[in-house]
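First comes the structure, then the notes that go with it.
Have a look at this one:
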């Protein structure tokens with residue numbers, strides 16, 4: 017049976033939200049965003065280990081939420097870094113110290129994407145049985161153009177484009193190798209699939225949906241609240 021390890025990226029402060037707590041701790045309908053992500057992830061499969069990257073100085077608050085909603089959960093908190101990439105690397109470094117095998121599955125998910133579906137998670141895990149790297153992508157539905165000095169210059173073929181989301185999944189040895197190389201060469205990427213592609217590995221696509229939004233701005237919080245009400249959660 018495959019070993020599945022979960023890395024939950026929850027170390028972002030989310031300054032654009034202008035909230036008194038980090039983004040993952042912001043409550044929507046009386047439940048922190050990162051707990052809502054865990055709700056779906058925990059219902060999707062059995063995890064060999066859960067590692068959560070948290071902001072420096074906020075570990076206690078995360079522990080309190082975990083105890084309230086998932087008392088006794090086997091989750092390790094790792095203090096995040098200055099960037100998302102650094103935070104994920106620290107989680108991978110922790111797993112390396114735990115003796116995780118190179119062919120184990122590592123699923124990395126943004127805590128701020130709490131509307132991810134169970135079907136999407138299972139599709140990613142299923143695809144990872146065949147390949148070494150997978151990312152969720154949503155189709156681009158709007159017309160995309162190139163702009164120069166406020167003038168439309170070119171229409172881009174949206175059939176060749178996609179919006180990168182999470183979860184993203186990898187064989188542990190590959191994602192660890194990619195992070196170590198990026199760390200050595202001091203290059204930074206905004207997601208792990210792009211990082212793995214950078215070292216020459218093929219990253220395969222699983223199509224998700226538009227509702228798997230990442231909470232970044234205030235309007236995202238309002239939309240999230242509306243969608244949760246619509247789904248009677």
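Residue numbers (our numbering): 17 to 249. Just so it is clear, CB atoms sit at the ideal spot from N, CA and C, and this is done for glycine as well. All values derive from a computational prediction rather than experimental measurement.
Item	Value
Span separating the alpha-carbon of residue 100 from that of residue 67	14 Å
Close-in-space but distant-in-sequence residues of the same chain around residue 218 (CB under 8 Å, 5 per side omitted)	147, 148, 149
Beta-carbon contacts of residue 169 that lie in its chain and below 6 Å, excluding the five residues immediately before and after	162
Distance, residue 130 Cα to residue 86 Cα	16 Å
Anticipated Cβ contact below 8 Å, residue 156 with residue 178, distance rounded	6 Å
Beta-carbon separation (whole angstroms), residue 153 vs residue 180, contact threshold 8 Å	6 Å
Supposed contact pair residue 138 and residue 60 - C-beta distance, whole angstroms, cut 8 Å	6 Å
Distance between beta carbons of residue 44 and residue 241, contact taken as under 8 Å	6 Å
Closest Cα partner of residue 201 within the set 214, 108, 207	214
Rounded Cβ spacing between residue 76 and residue 95 (contact assumed at less than 8 Å)	Residue 76 to residue 95, Cβ: 12 Å. No contact.
Whether residue 227 touches residue 243 by CB criterion (8 Å)	yes
Member of 93, 97, 186, 107 whose CA lies at the smallest distance from the CA of residue 121	186
Whole-angstrom distance between residue 238 and residue 103, CA atom to CA atom	27 Å
Residues near residue 81 by beta carbon distance below 8 Å, same chain, minus five either side	41, 48, 50, 51
Residues bridged to residue 125 [DSSP beta-bridge criterion]	24
Other residues of its chain near residue 27: CB distance less than 6 Å, five sequence neighbours each side excluded	69, 70, 71, 96, 103
Between the CA atoms of residue 166 and residue 92 - distance to the nearest angstrom	48 Å
Pair within 8 Å by beta-carbon distance, residue 143 and residue 21	no
Straight-line gap, residue 197 to residue 115 (C-alpha atoms, nearest Å)	20 Å
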